[in-house]
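Sequential numbering from 1 applies to the sequence shown in UniProt numbering. By construction, the Cβ of each residue, glycine as well, lies at the ideal position given by its N, Cα and C atoms. All figures in this text were calculated on a predicted structure; none of them were measured in a lab. Please read the structure below before turning to the comments.
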Amino acid sequence: MAGSRLEKLSTIFSRVNGLLRSKAMKEENRPLWFDIYKAFPPIVEPRYDRKAVHKAIPDLLYPEDIIRARFYKLYGNPDVVDLTNEQVKTTCQKFIENYFKLQDQEDVAEEDLFQKAIDNLKAQGIRLRTITEKESEEVAEAEMSSSENRSTDSTLKTEQTTNNISNVNTMDHYGVDDNLGSSNKT
Numbered sequence: 001m002a003g004s005r006l007e008k009l010s011t012i013f014s015r016v017n018g019l020l021r022s023k024a025m026k027e028e029n030r031p032l033w034f035d036i037y038k039a040f041p042p043i044v045e046p047r048y049d050r051k052a053v054h055k056a057i058p059d060l061l062y063p064e065d066i067i068r069a070r071f072y073k074l075y076g077n078p079d080v081v082d083l084t085n086e087q088v089k090t091t092c093q094k095f096i097e098n099y100f101k102l103q104d105q106e107d108v109a110e111e112d113l114f115q116k117a118i119d120n121l122k123a124q125g126i127r128l129r130t131i132t133e134k135e136s137e138e139v140a141e142a143e144m145s146s147s148e149n150r151s152t153d154s155t156l157k158t159e160q161t162t163n164n165i166s167n168v169n170t171m172d173h174y175g176v177d178d179n180l181g182s183s184n185k186t
């Protein structure tokens, strides 16, 4: 039945039911879901040719979603999240709780409320750096490490040059010719 498209003609329930009635499938081999489907049939039969009902899907945005998006846009993800420990709250979750606490206590503009919540987190000892601050720190660290590498390279080159000069002086002192490997002095 390589080219068969019988699933379009009826439901899986009616096909299995037909197999059971014709004894092509034994009663003990029937699927687990068959008895449940038989006891609790769906209101609308799930057929292939049934037209799908188009419903408008509502937007599921909560007030904290907008605040969370703004926080992540400004600060990125400031900490590592341990998904195995649900008791530890993320920095963003602490910020949102702080934000709503301040919102309930004071009647302040949204921009000031956001900044006060940030200040409260910083007062609690949480280190928050904006994305641009992080990037500038990374650039400064990269420049620092590259300048250290350059100074290390120049130190190594200076040492190599000094060693080469001392080797040449030693060879001249003993009268050793590099090309011949013999002594000029007799």
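Applying the 10 Å Cβ sphere with the 16-neighbour rule, what's the burial state of ALA69?
Sequence index remark: in the sequence shown, residue 69 carries index 69 (1-based). Counting Cβ neighbours within 10 Å, ALA69 comes out exposed, since fewer than 16 surround it.
Quick check: what's the CA-CA separation for ALA52 versus GLU86?
Residue numbering aside, residue 52 sits at position 52 when the sequence shown is read from its first letter. Residue numbering aside, residue 86 sits at position 86 when the sequence shown is read from its first letter. Roughly 39 Å separates the two Cα atoms.
CB LYS116 to CB LEU102, shorter than 8 Å?
Here residue 116 refers to the residue found at position 116 of the sequence shown. Here residue 102 refers to the residue found at position 102 of the sequence shown. Yes, these two residues count as a Cβ contact at 8 Å.
Going by DSSP, what residue range makes up the alpha helix (DSSP H) through TYR62?
Working through the sequence shown from its first residue, we reach residue 62 at position 62. Taken as a continuous stretch (DSSP letters only), TYR62 belongs to no alpha helix (DSSP H), as it is neither H nor E.
Evaluate TYR48 with the Cβ neighbour count: other Cβ atoms within 10 Å of its Cβ, from every protein chain shown; 16 or more gives buried, anything less gives exposed.
Along the sequence shown, read from residue 1 onward, the residue named residue 48 stands at position 48. Counting Cβ neighbours within 10 Å, TYR48 comes out exposed, since fewer than 16 surround it.
Three-state secondary structure assigned by DSSP to ILE43:
Along the sequence shown, one-based indexing puts residue 43 at 43. For ILE43, the secondary structure class from DSSP, reduced to helix, strand or coil, is coil.
Use the C-beta contact count for PRO78: other C-beta atoms within 10 angstroms, 16 or more gives buried, fewer gives exposed.
Walking along the sequence shown from the start, residue 78 turns up at place 78. Residue environment: PRO78 is assigned as buried (16 or more neighbouring CB atoms within 10 Å of its CB, all protein chains considered).
Over the uninterrupted alpha helix (DSSP H) stretch that includes LEU19, give me the two end residues.
What you label residue 19 is simply residue 19 of the sequence shown in a count that begins at 1. Here the alpha helix (DSSP H) through LEU19 covers 12 to 21.
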